[in-house]
Amino acid sequence: MATHKLLLLPGDGIGPEVMAEVRRLVGWLEQRGVADFALEEGLVGGSAYDAHGAAISDADMDRAQAADAVIFGAVGGPKWDPVPYDVRPEAGLLRLRKDLGLFANLRPAICYPALADASALKRELVDGLDILIVRELTGGVYFGEPKEIVTLEDGTKRAVDTQVYSEGEIERIARVAFDLAKVRGNKLASAEKRNVMKTGVLWHQVVSRVHKESYPEVALEHILADNCAMQLVRRPKQFDVLVTDNLFGDILSDIAAMLTGSLGMLPSASLGDVDPATGKRKAMYEPVHGSAPDIAGKGVANPIAMLASFGMAMKYSLGLGELADALDQAIAQVLTEGLRTADIAAPGTNSVSTGEMGGAVIKALEQQLAR
Ligand code: NAD
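Counted the way our numbering counts, the sequence shown spans residues 205 to 575.
See the structure below:
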């Protein structure tokens with residue numbers, strides 16, 4: 205059996221609390237003889253700053269480079285608000301994304317039937333929703349140069365951000381999205397604003413070419429990003445895989461997230477290029493939520509986003525797709541059985557602890573695997 209090399213970076217706040225449930229699940233999988241793992245653990249964010257004066261150490265970066273997958277908790281908290289900008293907790297996350305070349309951000313928005321009433325939309329619009337947003341993560345307007353605020357001759361200021369995309373950057377994210385569409389509903393929507401932006405014109409051209417050359421069997425729809433935002437709220441189930449740039453992806457993935465209820469439920473994956481030597485992609489998996497300082501240390505955080513992020517690692521990095529599907533079903537099962545952490549519990553009803561939810565997911569997984 206292959207040994208999967210994982211680097212766990214729990215981080216700060218509730219990060220270590222939810223990561224403990226991943227460690228428990230990994231231990232259980234090994235004990236049951238389903239998979240073999242080699243676990244390493246490192247520091248990131250405020251905890252790394254306290255230990256090394258940096259948001260992640262070079263030694264931990266080396267271990268991240270060597271891992272089959274990095275499993276990341278969350279970083280930040282008021283304790284580190286005063287630290288210098290370049291060593292603030294988030295700098296650890298940005299260094300991991302940059303040095304590992306993680307250009308594709310995958311954010312599923314799944315609405316479990318048991319939680320459909322927690323959505324801001326009507327149940328019938330979101331019940332059974334299963335969208336995968338593929339966001340370009342290392343290019344576009346967040347990184348383009350010039351990026352500055354200058355003072356003009358008349359003393360007023362002018363700010364510039366630059367939206368820039370090369371053909372290669374668009375092609376590689378399009379290929380990731382088409383490949384994912386092929387193993388899902390064979391349907392891809394590509395969102396840009398070709399009506400007003402040159403980057404949108406090039407985006408449209410490149411996605412169309414890649415489609416024609418390599419993925420003609422996938423149903424491709426081009427959609428303007430503003431219309432896409434509207435459609436996500438109006439009739440979200442029309443989408444399956446959605447690919448878009450860094451800026452639009454930031455916004456559209458947050459809209460999709462809110463269709464599903466709580467932040468404590470949302471996993472994500474960030475993927476890099478395939479390494480020609482090993483045939484594997486660099487990859488990091490993390491919940492969408494932050495370190496939740498308001499509930500840290502109380503043992504009440506919802507571990508589902510963290511566990512589902514580990515599920516994505518099993519699916520996209522470790523070749524354990526069936527186990528990942530069983531984990532998703534186990535999560536759906538505990539929700540159907542009525543188990544709730546405080547963030548997803550109806551007001552006035554009982555809720556369980558982080559550990560109780562993690563334990564229940566493992567128990568449900570045992571039942572799923574026995575079927
Ligand atoms: P947050 O996601 O930490 O919390 C927002 C709200 O959601 C809080 O009320 C919190 O209690 C709740 N929440 C979040 N995750 C939960 C979970 N698993 N279970 C139950 N409730 C949960 O966002 P914030 O409060 O804006 O930020 C707090 C800190 O986290 C800040 O320092 C911020 O910079 C950092 N942050 C880090 C990341 C990351 O590590 N990727 C992402 C976002 C924010």
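Note that CB positions come from ideal geometry on N, CA and C, so glycine has one too.
- Within the DSSP secondary-structure output, Val338 pairs in a beta bridge with Leu310, Val447.
- Segment contact: the region 277-297 against the region 212-228, three or more CB-CB distances shorter than 8 angstroms; contact assigned.
- Secondary structure of Arg376 (DSSP, three-state): helix.
- Here the region 462-471 makes contact with the region 315-324; the two share three or more CB pairs at distances below 8 angstroms.
- At a cut-off of 6 angstroms, the beta-carbon of Val556 does not count as near the ligand NAD: no heavy atom of the ligand is closer than that.
- Per the DSSP secondary-structure output, Ala487 pairs in a beta bridge with Leu475.
- A distance below 8 angstroms between beta-carbons, with the five flanking residues on each side excluded, links Arg301 to the following residues of its chain, in chain order: Leu341, Thr342, Ser474, Met488.
- Note that the region 361-378 does not touch the region 422-431; fewer than 3 beta-carbon pairs, one per stretch, sit closer than 8 angstroms.
- Around the beta carbon of Asn554, fewer than 16 other beta carbons sit within 10 angstroms, so the residue counts as exposed.
- Taking the Cα positions, Asn506 is about 13 angstroms away from Ser513.
- Less than 7 angstroms separates the beta-carbon of Ala509 from that of Pro471.
- Leaving aside the five residues that flank Ala224 on each side, none in its chain has a CB nearer than 7 angstroms to its CB.
- DSSP, read as helix, strand or coil, puts Ile275 in strand.
- DSSP places Pro214 inside the beta strand (DSSP E), whose first and last residues are 207-215.
- In the DSSP assignment, Ala242 falls within the beta strand (DSSP E) that extends over 240-245.
- Taking 7 angstroms as the cut-off, the beta carbon of Lys397 is found closer than this to the beta carbon of Leu428.
- Contact check for Leu543 against Val556 passes: the beta carbons are separated by less than 7 angstroms.
- The secondary-structure analysis by DSSP pairs Arg228 with nothing; it has no beta-bridge partner.
- The straight-line gap separating the alpha-carbon atoms of Gln572 and Ser412 is approximately 41 angstroms.
- With 16 or more neighbouring CB atoms inside 10 Å of its own CB, Gly453 falls in the buried class.
- According to DSSP, residue pairing for Thr366 in a beta bridge involves Gly348.
- When the Cα atoms are used, Ala242 and Leu524 turn out to be separated by approximately 15 angstroms.
- Nearest to Gln537 by alpha-carbon distance, out of Gly344, Ser457, Arg227, Ala564, is Ala564.
- The alpha carbon of Thr448 has as its nearest neighbour, out of Pro551, Ser394, Gly332, the alpha carbon of Ser394.
- Phe443 and Ala308 have their alpha carbons spaced roughly 19 angstroms apart.
- According to the DSSP assignment, Leu524 belongs to no beta strand (DSSP E), since it is labelled neither H nor E.
- In summary, Glu328 is exposed, with fewer than 16 beta-carbon neighbours lying within 10 Å of its beta-carbon over all protein chains present.
- When beta bridges are read from the DSSP output, Lys361 appears opposite Thr355.
- Of the candidates Ile459, Ile337, Lys519, the residue whose Cα lies closest to the Cα of His208 is Lys519.
- In this chain, Glu421 is not harboured by any alpha helix (DSSP H), its DSSP state being neither H nor E.
- Rounded to whole angstroms, the separation of the alpha carbons of Val364 and Glu349 is 9 angstroms.
- Taking a cut-off of 8 angstroms on C-beta distances, the region 259-271 does not touch the region 233-240, as fewer than three cross pairs fall below it.
- Where Ala263 is concerned, the enclosing alpha helix (DSSP H) starts and stops at 262-270.
- Look at Ile499 here: in three-state DSSP terms it is coil, with no helix or strand label.
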